[in-house]
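Those letters in the sequence shown? Residues 1 to 285, by our numbering. No residue lacks a Cβ here, since even glycine has one placed at the ideal position from N, Cα and C. Small disclaimer: the values here were computed from a predicted structure and weren't measured. One structure is given below, encoded as structure tokens.
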Amino acid sequence: MYNAYEHEPNGIASGKKYDYCEYRRGHESGEPKVKTDFLLPVLKVQIILCIAIGIFMLIMFKTQSSVFLFLRESYYNISSTDIPFAEVVKSIKKSADFVFEPVNDTDKVKKNDETESYSQEAFSLASYDDNELTGIGGEDILTAKEKTSFAPVSMSQKAVMPVENAKITSKFGYRVNPVTEEYGFHTGLDLAVREGTPIRATFGGTVIKAQESKLRGNYVVISHSDNVETVYCHCKELFVSEGDIVSAGDIIALAGMTGQATGPHLHFELKINGLWCNPVWILDI
């Protein structure tokens, strides 16, 4: 008779009867030991990160954080414009630099609707030619929600282009001001032109301002019908005075770089019922 105690495998010392067949099956089958699934902890970390990012974005949205507004505008510009891949990479890098740049108390955006600031870039008259129109300026406000509108607008009368052969150097909308490095709202359209280019009234109306300021330089404000106003800034010379009646297409000034400007250009604004609107909607650009 087979005695399990006499034939017990080495290393097994037990008082219980040993099933030799069971021992052989367990060691000869070569079944691997059960391993812990390493993907489970990774999945948990990913879920936690997604929730944290979602909460962070929700907080920025509710507080209208400048970071959120900047990212939203960057996404809008990338998604709505056909641009080369290199420009996409550049925009993403710019967004990343803005988000992770250290911020101190003096760099924070000030909640003041009256604040005015102008962007500046390097400009050299020595290298100036028709293909290098780089003038930029324009009034920035730090909160745009109640004073501006992105809605499309149309006029019963066709608008006259205020300057010819212009190059858009700064669009209407949110931007990071290169001078203050603060995030604000550009209330107009910067049209770079050669110095001395005639500036024409887009519609007929009454000149309500023909003045000079430190930021806008020489500028003109014309009041039109239906609570419409147009603004022309950084002029070299003004040809109209307050109270003058002008017709659409009349030359009211010459383009220049007075005030805080990087080069010859026209900062053009369109206001309807007190709201800044995008001039692109009415101009043939």
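Per DSSP, reduced to three states, the secondary structure at isoleucine 285 is coil, with no helix or strand assignment. Of all C-beta pairs linking the segment 178-192 to the segment 212-221, fewer than three are shorter than 8 Å, placing the two stretches out of contact. Each residue's CA atom was taken as its position, placing glutamate 242 and proline 279 some 23 Å apart. Buried is the label assigned to lysine 271, since at least 16 other Cβ atoms lie within 10 Å of its Cβ.
Judged by DSSP in its simplified three-state form, valine 160 adopts coil rather than helix or strand. Secondary-structure assignment with DSSP links leucine 270 through a beta bridge to Thr230 and Cys277. Taking the CA atoms as reference points, valine 240 sits about 46 Å from methionine 60. Scanning Gln46, Thr148 and Val163 for the CA closest to the CA of arginine 200 turns up Val163. In terms of Cβ geometry, leucine 238 and alanine 255 do not form a close pair [threshold 8 Å]. Annotation for proline 264: no beta strand (DSSP E) segment contains it, and DSSP assigns it neither H nor E. Glutamine 260 carries a coil assignment under DSSP once its states are collapsed to helix, strand and coil. Here the alpha carbon of glutamate 146 sits roughly 26 Å from the alpha carbon of isoleucine 168. Membership of serine 223 in the beta strand (DSSP E) is indicated by the continuous run 217-224.
Judged by DSSP secondary structure, lysine 209 falls within the beta strand (DSSP E) whose first and last residues are 205-213. Straight-line spacing of the CA atoms in isoleucine 285 and leucine 58 works out to 37 Å. In the three-state reduction of the DSSP assignment, valine 42 falls in the helix class.
Distance from the CA atom of glutamate 212 to the CA atom of proline 152, rounded to whole angstroms, is 31 Å. Per DSSP, the continuous beta strand (DSSP E) segment holding arginine 200 begins and ends at 198-200. Here glutamate 269 is buried: its Cβ has 16 or more other Cβ atoms, across all protein chains shown, within 10 Å.
The beta-carbon distance between alanine 166 and valine 193, rounded to whole angstroms, is 5 Å. This is short enough to meet the 8 Å contact definition. By a beta-carbon distance limit of 8 Å, alanine 253 does not contact threonine 202. Their separation comes to about 13 Å.
Between glycine 259 and leucine 49, the alpha-carbon positions lie close to 48 Å from each other.
Residue state for alanine 253 is assigned as strand, using DSSP reduced to three classes. Residue pairing by DSSP puts valine 246 in a beta bridge opposite Gly205. The three-state secondary structure of alanine 52, taken from DSSP, is helix.
At the C-beta level, leucine 275 and threonine 148 come within 8 Å of one another.
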